[in-house]
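Top line first, the protein sequences correspond to chains A and B. Just so you know, the numbering used here puts 403 at position 403 of the first sequence, and the rest follows in order with no gaps. Just so you know, the numbering used here puts 63 at position 63 of the second sequence, and the rest follows in order with no gaps. C-beta: ideal position from N, C-alpha, C; glycine also. A quick note: this is a predicted structure, and the numbers were derived from the prediction, not measured.
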Amino acid sequence: MRTYIEALRKEFGSNIIKESVKLNEVYLTVEKEAVIKICNCLYYHFDLPLILIFATDERKKAGNFLLHYVFSVDDKDSFIIIQININENIPQFRSLTHIIPAANWYEREIQDMFGLRPVGHPDPRHLVMFEDWPDGLYPLRKDFDIATKPPRVKGEYVYRRVEGEGVYEIPVGPVHAGVIEPGHFRFSVAGEPIINLEIRHFYTHKGVEKLFENISMDKGVFLAERVSGDNSVAHAVAFCQAIEKLAGIEVPSRAEYIRTILLELERLYNHLGDIAGIATDVAFAAGAAHANKQKEDIMRLNEVVTGSRLLRGMNAIGGVRRDISNKKDSILPALSSLEKDFREFIEMLLETSSVLERIETTGHISNDTAKALHMVGPAGRASGIDRDTRRDHPYAAYSKIDFNVPVRKDGDVYARTRIRSHEVFESISIIEQALAALPAGDIYTRVKDVPDGYAFGYTEAPRGENLYWVMVKDGRIERCKVRDPSFCNWLSIEYAVLDNIVPDFPIINKSLSLSYSGNDL
Amino acid sequence: MLKILEMTLKIGKQTTKYPQEPDTAPVDFRGKPELFPDKCTFCGECAAVCPSRAIDLREDKREMVLTLSYCGCIFCGRCEEVCSSGAIKLTQEYEMASKSKDDLCCIIRRKV
Chain A
1 MRTYIEALRK EFGSNIIKES VKLNEVYLTV EKEAVIKICN CLYYHFDLPL
51 ILIFATDERK KAGNFLLHYV FSVDDKDSFI IIQININENI PQFRSLTHII
101 PAANWYEREI QDMFGLRPVG HPDPRHLVMF EDWPDGLYPL RKDFDIATKP
151 PRVKGEYVYR RVEGEGVYEI PVGPVHAGVI EPGHFRFSVA GEPIINLEIR
201 HFYTHKGVEK LFENISMDKG VFLAERVSGD NSVAHAVAFC QAIEKLAGIE
251 VPSRAEYIRT ILLELERLYN HLGDIAGIAT DVAFAAGAAH ANKQKEDIMR
301 LNEVVTGSRL LRGMNAIGGV RRDISNKKDS ILPALSSLEK DFREFIEMLL
351 ETSSVLERIE TTGHISNDTA KALHMVGPAG RASGIDRDTR RDHPYAAYSK
401 IDFNVPVRKD GDVYARTRIR SHEVFESISI IEQALAALPA GDIYTRVKDV
451 PDGYAFGYTE APRGENLYWV MVKDGRIERC KVRDPSFCNW LSIEYAVLDN
501 IVPDFPIINK SLSLSYSGND L
Chain B
1 MLKILEMTLK IGKQTTKYPQ EPDTAPVDFR GKPELFPDKC TFCGECAAVC
51 PSRAIDLRED KREMVLTLSY CGCIFCGRCE EVCSSGAIKL TQEYEMASKS
101 KDDLCCIIRR KV
């Protein structure tokens, strides 16, 4: 870690204004003008992924806004956070998107929520806000009251147009057939092949980050559980970890193991559901029924273990709220029968030619695209992105558990299905190991006072790297930045569908397993 | 094809007779919270910790009124956790569908 910082000091010493280290988080405040070259150096020279950009409104305290560019140092379990000050009277910053494409949505999000303009952004349209939102109102600024009900105004959103002979558009959504969340997909096709797709989301924007600022920390856990409904544990644990880190408390070892078990149960039912979805979307009804049965078995197990099919209400700041000591006898037999049934099922699924013909080579995402967009989770790993928060930034009990992180290079629907099926077996093994090693003792440490400050919490959600940055002031949440894995992965669908035919879109979409709610916040 | 048939036969029928036959939730399931008016001290702890503000305590015409709305309840069980007199308990009950919102409110009162 030191080498990176020393190299930065040597190269950009005169541009660095302030340095501070908080455990594995190194904060460097730099001159606004130098941020592009420093990010460029971290990204291209040190090969560090840009995992998040977010803003904070510190006008009251410091008289300006702060932008944070977060880079992950995977091999050192650390983070480098580059910060720049932005003056309220000059509310703009130079866009990084043309150098690091992964910056795209973050910058547009900051523009909508804070009113800071990314100068030179290739696509400066609204992202989160809709055209009926009045200009000059920025919800995450501190002087924006949560009770504000702005009037609706007239406005227009302009889509990219593809023109030419025989090119026509297919608008899909935001209301879809089936009980799913809303999102708009605009295809341009020439015959069957898709030549362009533009997605428009944020229909389920709920103001989550603003809500966090207006509730107490213990209630925040329940809000985190509901940011992305089927990734409840990953969100709650990431949120709790951020505050525990800040408060400097040790979560009891037993609670760490229980969290690990819950996180893997969550991964299991998500992956099984995603694989069932693939079977459904290729019209392999018998296979879908089997996979859905297996998913349902795990959800019922969740209910027995935690009292909630979606594993909710288990986490608290300081540990877990309920023990699972008497649940071992329910979990182990369920897992061993799942392992056997799933093995038979997945062999059958991937031997069925009608399935293979639909999923092989479909929805290909190259390693370059995946890297440029900073794809995370199983979808990233299927395109050769060898990252997994559980291994690279160990949390809960993962450092004490043996597991593999499958990575493939083929990057198609088949690869993503294979990664998930491999991870199902890994999750079963992780839960078995955690149960075998489950230490005795408390499950909860009381957190009395949380000092002012900020810290990261992170988990590997079933969809991938999930980040929380929580800033506490006077015992309340001052800012809570949530970065769901789907925020990184959604744009990849625009690339995955190119040259594919429209009927393959549902399978590609399913294989990427993207959350609307977690993305829209 | 034969494999698919074999697997399907082996797994057999999975559907249950619900709702003709009751389907009981597991022991630790957190369902409909039940209020015990005799035990309630109207201290307001439950209302203070409720993350979704499903519990409301207010004074109305010299009466303490505690309202619990099942519409907003997220079944976290914080109320049960903090209630020192055991006046609220989460049950295994999950069949809460109703024709009106009023039916989904449980109100208890006490004279001040």
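* Of all the options A:T260, A:D47, A:E465, A:M299, which has the alpha carbon lying nearest to the alpha carbon of A:D402? -> The residue you call residue 402 of chain A lines up with position 402 of the first sequence. Closest by alpha carbon: A:T260.
* Asked: Are the C-beta atoms of B:T24 and some chain A residue less than 8 Å apart?
  -> For the purposes of this step, residue 24 of chain B is identified with residue 24 of the second sequence, where counting begins at 1. No, its Cβ sits nowhere closer than 8 Å to a Cβ of chain A.
* Asked: Apart from the five residues on each side of it in sequence, which residues of its chain come closer than 8 Å, Cβ to Cβ, to A:E423?
  -> In the first sequence, counting from the first residue as 1, residue 423 of chain A sits at position 423. The beta carbon of A:E423 sits closer than 8 Å to those of R267, H271, P378, P406, all from its chain and outside the five residues before and after it, given in chain order.
* **Neighbouring residues, chain B, relative to A:K293 (Cβ below 9 Å)** => Locating residue 293 of chain A in the first sequence gives position 293, where the first residue counts as 1. Per Cβ cutoff of 9 Å: I11, Q14.
* Asked: Would you say A:K210 faces chain B, with C-beta separation under 8 Å as the test?
  -> Indexing the first sequence from 1 puts residue 210 of chain A at position 210. Contact with chain B is absent for A:K210, since none of that chain's Cβ atoms lies less than 8 Å from the residue's Cβ.
* Of all Cβ atoms in chain B, is any one closer than 8 Å to the Cβ of A:F342? -> Working through the first sequence from its first residue, we reach residue 342 of chain A at position 342. Look at A:F342: its C-beta is not under 8 Å from any C-beta on chain B.
* Asked: Name the chain A residues that come within less than 7 Å of B:D28, Cβ to Cβ?
  -> Here residue 28 of chain B is taken as the residue at index 28 of the second sequence, counted from 1. Residues of chain A whose Cβ lies closer than 7 Å to the Cβ of B:D28 are, in chain order, G307.
* Asked: Are the C-beta of B:I74 and some C-beta of chain A separated by less than 8 Å?
  -> Indexing the second sequence from 1 puts residue 74 of chain B at position 74. Chain A places a beta carbon closer than 8 Å to that of B:I74, counting this residue as a contact.
* To do: Specify the secondary structure class of A:N404 as computed by DSSP and reduced to three states.
  => By one-based count along the first sequence, residue 404 of chain A stands at place 404. Reduced to three states, the DSSP call for A:N404 is coil.
* Asked: Exposed or buried, what is A:M217 when buried is set at 16 or more other beta-carbons lying within 10 Å of its beta-carbon?
  -> As a first step, residue 217 of chain A is located in the first sequence; it is residue number 217 there, counting from the start. Around the Cβ of A:M217, a 10 Å sphere holds 16 or more other Cβ atoms; the residue is buried.
* Mind listing, in chain order, the continuous alpha helix (DSSP H) runs of no fewer than 4 residues lying wholly within the region 23-90 of chain A? => As for any alpha helix (DSSP H) of minimum length 4 sitting wholly inside the region 23-90 of chain A, the runs are 35-40, 59-62, ordered along the chain.
* To do: Could you name the residues of the same chain whose beta carbon sits closer than 6 Å to that of A:Y454, not counting the 5 residues immediately before and after it, in chain order?
  => Here residue 454 of chain A refers to the residue found at position 454 when the first sequence is read from its first residue. Excluding sequence neighbours, A:Y454 sits near M471.
* Whose C-alpha, out of A:D77, A:I194, A:P151, A:Q241, is nearest the C-alpha of A:P171? -> Stepping through the first sequence from its first residue, residue 171 of chain A is reached at position 171. Among A:D77, A:I194, A:P151, A:Q241, the Cα nearest to that of A:P171 belongs to A:I194.
* Could you tell me whether the Cβ of B:K3 comes closer than 8 Å to any Cβ of chain A? => To locate residue 3 of chain B, count along the second sequence from 1; it is residue 3. So yes, B:K3 belongs to the interface.
* Asked: For the putative contact between A:I80 and A:L42, defined by C-beta atoms under 8 Å, what is the C-beta separation to the nearest angstrom?
  -> Here residue 80 of chain A refers to the residue found at position 80 of the first sequence. Here residue 42 of chain A refers to the residue found at position 42 of the first sequence. The pair is a contact, with the Cβ atoms about 6 Å apart (cut-off 8 Å).
* Asked: To the nearest angstrom, how far is it from the Cα of B:M96 to the Cα of A:R476?
  -> For this step, residue 96 of chain B is matched to residue 96 along the second sequence. For this step, residue 476 of chain A is matched to residue 476 along the first sequence. When the Cα atoms are used, B:M96 and A:R476 turn out to be separated by approximately 35 Å.
* Selection from A:F212, A:K210, A:H184 that minimises the alpha carbon distance to A:Y203 -> As a working note, residue 203 of chain A is residue 203 in the first sequence. Closest by alpha carbon: A:H184.
* Specify the secondary structure class of A:F144 as computed by DSSP and reduced to three states. => The count along the first sequence starts at 1 and reaches residue 144 of chain A at position 144. Coil at A:F144, not helix or strand.
* To do: Compare the C-beta of B:G86 with all C-beta atoms of chain A and state if any pair is closer than 8 Å.
  => Residue mapping note: residue 86 of chain B aligns to position 86 of the second sequence, counting from 1. Not an interface residue.
* Who pairs with A:N315 in a beta bridge, going by DSSP? -> Locating residue 315 of chain A in the first sequence gives position 315, where the first residue counts as 1. Residue pairing from DSSP places A:N315 in a beta bridge opposite A:V320.
* Asked: Does the region 306-321 of chain A touch the region 371-386 of chain A, meaning 3 or more C-beta pairs lie closer than 8 Å?
  -> Between the region 371-386 of chain A and the region 306-321 of chain A there are fewer than three inter-stretch CB-CB distances shorter than 8 Å, so the stretches are not counted as touching.
* Using a C-beta to C-beta distance shorter than 9 Å, which residues of chain B count as neighbours of A:A286? -> As a working mapping, residue 286 of chain A is identified with position 286 in the first sequence. The answer, in chain order, is I4, L5, M7, T8.
* Closer than 6 Å by C-beta to A:G287: which residues in its own chain qualify, once you throw out the five before and the five after it? Chain order, please. => Numbered from its first residue, the first sequence carries residue 287 of chain A at position 287. Result list for A:G287: A279, L349, in chain order.
* Would you mind stating whether A:T362 and A:N500 have Cβ atoms separated by less than 8 Å? => The residue labelled residue 362 of chain A in the question sits at position 362 within the first sequence. The residue labelled residue 500 of chain A in the question sits at position 500 within the first sequence. Contact: yes.
* Asked: DSSP on A:A190, reduced to helix/strand/coil?
  -> Here residue 190 of chain A corresponds to residue number 190 of the first sequence, with the count starting at 1. DSSP, reduced to helix, strand and coil, places A:A190 within a strand of the structure shown.
* **Under 9 Å from the C-beta of A:G313: neighbouring residues of chain B** => One-based indexing of the first sequence puts residue 313 of chain A at position 313. For a Cβ distance threshold of 9 Å, residue set R30, I74, F75, C76, G77, R78 of chain B lies close to A:G313, ordered along the chain.
* Asked: Once you ignore the five residues that flank A:N404 on each side, which residues in its own chain have a CB closer than 7 Å to its CB?
  -> If you number the first sequence from 1, residue 404 of chain A lands on position 404. Sequence-distant Cβ neighbours of A:N404 in its own chain, meaning closer than 7 Å and more than five residues away, are E426.
* Do A:D143 and A:P394 come within 8 Å of each other at the CB atom, strictly closer than that value? -> By one-based count along the first sequence, residue 394 of chain A stands at place 394. By one-based count along the first sequence, residue 143 of chain A stands at place 143. Not closer than 8 Å, so no.
* Measure from the alpha carbon of A:Y159 to the alpha carbon of each residue in A:S354, A:T352, A:H201, A:M1, then state which is nearest. => Taking the first sequence and counting its residues from 1, the one referred to as residue 159 of chain A is at position 159. The option with the nearest alpha carbon to A:Y159 is A:H201.
* Asked: Where does A:K510 land, buried or exposed, given buried means 16+ other C-beta within 10 angstroms?
  -> The residue labelled residue 510 of chain A in the question sits at position 510 within the first sequence. Classification for A:K510: buried.
* To do: May I ask you to list, following chain order, the residues of the region 49-66 of chain B that have a beta carbon less than 8 Å from some beta carbon of chain A?
  => Those residues of the region 49-66 of chain B that come within reach of chain A (Cβ to Cβ, closer than 8 Å) are V49, P51, S52.
* Segment contact, 8 Å Cβ cut-off, at least three pairs: the region 56-68 of chain B with the region 2-11 of chain B -> Because the criterion of three Cβ pairs below 8 Å is not met, the region 56-68 of chain B and the region 2-11 of chain B do not touch.
* To do: Starting from the beta carbon of A:K219, find every residue of chain B whose beta carbon is closer than 7 Å, and list them in chain order.
  => Numbered from 1 along the first sequence, position 219 holds the residue referred to as residue 219 of chain A. Simply P51.
* When we look at the beta-carbon of A:I90 and count the other beta-carbons within 10 Å, is it buried (16 or more) or exposed? -> In the first sequence, the residue the question calls residue 90 of chain A occupies position 90. Exposed, because fewer than 16 other Cβ atoms sit within 10 Å of the Cβ of A:I90.
* Please compile the residues from chain B whose C-beta is within a distance smaller than 7 Å of the C-beta of A:F222. => Along the first sequence, read from residue 1 onward, the residue named residue 222 of chain A stands at position 222. Counting only Cβ-Cβ distances below 7 Å, A:F222 has contacts in chain B at P51, I74, C76, in chain order.
* To do: Use the C-beta contact count for A:E478: other C-beta atoms within 10 angstroms, 16 or more gives buried, fewer gives exposed.
  => Counting from 1 along the first sequence, the entry for residue 478 of chain A is found at position 478. The residue is buried, with at least 16 neighbouring Cβ atoms inside 10 Å.
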